[in-house]
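Undergrad: Dropping the structure in here first, questions after.
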Amino acid sequence: MLFSVFANASLISLSEQQEITETGQSFSFSFDSLPMSDGDTGLLGITLSGDYSPRNPPPLAEGATLSIDGEVGILELFNLSSSPAIFSNSIVGLSLVDSAFAGGGNLVTLEYLFEISESLLTSMVSDSSLLINIQNTSDVNFNPNDDGFVRVDFSYNSGNPVVDASAPATVILVLVGFIAMATRKRAFA
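As C-alpha cells, this is what we get:
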C-alpha cells in the first residue's frame, strides 16, 4: 500500500481561571483553534471559589449561571446547605458526573464535573472555538481577602487523521532518481 490514513486521537486539555474582582461579576472563557473531536464524549469542569455562601434555595442562593456559545439552554449552579447543587440544567447533552464542596462562611469552593455527550461536543467544537460565559449572582460579593476565582476545565480526544506519506515520498524519490539517471545517460550517449 503506497498511501495510508489512520486515526491518531490526542487528548486536548484546556483550563482557564479568572479572579473575582467585583460583586456579581461576569466571566467569558474563550478557547480557540480547537480540533474536531474523535466522536467520543468530553469533560467540562467548573470551579467556583469565593463568596458562594449557602442560603435559601434559588433564586435566593449565591451561585452562577453558565451558558455555552451557540448552544440552547443554561446551567444554574449554587451552594445548598454546604453542598454543590444544580438548580436547573437545560443544556441537552451535559450531565453531572461528580461534585465537591470545601470551605465555609464567605470562602466556599464548589466543584462540578460534567460529561459532554458526543453530539454536544461535536457541536461545541464545530467552528474550532468555544465560548463559555459564567455570570455570578448579584449576591456573590467581591472580597479582596479571599482570593475568589472561577475556573473552567475542558478536555476531549481529538480525531484528526494523520497521513502516513512515507511510502509515497520514497516511491517518488526513487522515480526521480531513475529519471535523473536516464536523462544523464542520454546526455552522455
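The opening position of the sequence shown corresponds to residue 491 in our numbering, with each subsequent residue numbered one higher. Think of the CB as a built atom: it goes at the ideal place given N, C-alpha and C, for glycine as much as any other residue.
For the pair the region 622-629 and the region 510-526, tell me if three or more CB-CB distances fall below 8 Å.
TA: yes
Undergrad: Pick from Gly-583, Ile-502, Leu-600 and Glu-512: whose alpha carbon is nearest that of Pro-525?
TA: The residue given as residue 525 occupies position 35 in the sequence shown. Measuring from the Cα of Pro-525, the nearest candidate turns out to be Ile-502.
Undergrad: Could you name the residues of the same chain whose beta carbon sits closer than 7 Å to that of Ser-465, not counting the 5 residues immediately before and after it, in chain order?
TA: Only positions 491 to 679 of the chain appear in the structure, and residue 465 is not among them; the question remains open.
Undergrad: Hey, would you say Val-598 sits closer than 9 Å to Asn-569, going by beta carbons?
TA: In the sequence shown, counting from the first residue as 1, residue 598 sits at position 108. In the sequence shown, counting from the first residue as 1, residue 569 sits at position 79. The answer is yes: Cβ separation under 9 Å.
Undergrad: Which one of Pro-574, Ala-554 and Asp-559 has the shortest CA to CA distance from Leu-565?
TA: For this step, residue 565 is matched to residue 75 along the sequence shown. It is Ala-554 whose Cα lies nearest to the Cα of Leu-565.
Undergrad: Return yes when the Cβ of Val-615 is within less than 9 Å of the Cβ of Ser-539, no when it is not.
TA: In the sequence shown, the residue the question calls residue 539 occupies position 49. In the sequence shown, the residue the question calls residue 615 occupies position 125. No; because the gap between Cβ atoms is not below 9 Å, this pair is not in contact.
Undergrad: Within this structure, are the beta carbons of Phe-632 and Leu-534 separated by less than 9 Å?
TA: For the purposes of this step, residue 632 is taken as residue 142 along the sequence shown, with counting starting at 1. For the purposes of this step, residue 534 is taken as residue 44 along the sequence shown, with counting starting at 1. No, they are not a contact pair.
Undergrad: Does the Cβ of Gly-583 have 16 or more other Cβ atoms within 10 Å, making it buried, or fewer, making it exposed?
TA: Within the sequence shown, numbered from 1, the residue matching residue 583 stands at position 93. By the neighbour-count rule (16 or more Cβ atoms within 10 Å), Gly-583 is buried.
Undergrad: Which of the three DSSP states, helix, strand or coil, is assigned to Leu-501?
TA: To locate residue 501, count along the sequence shown from 1; it is residue 11. Three-state result, Leu-501: strand.
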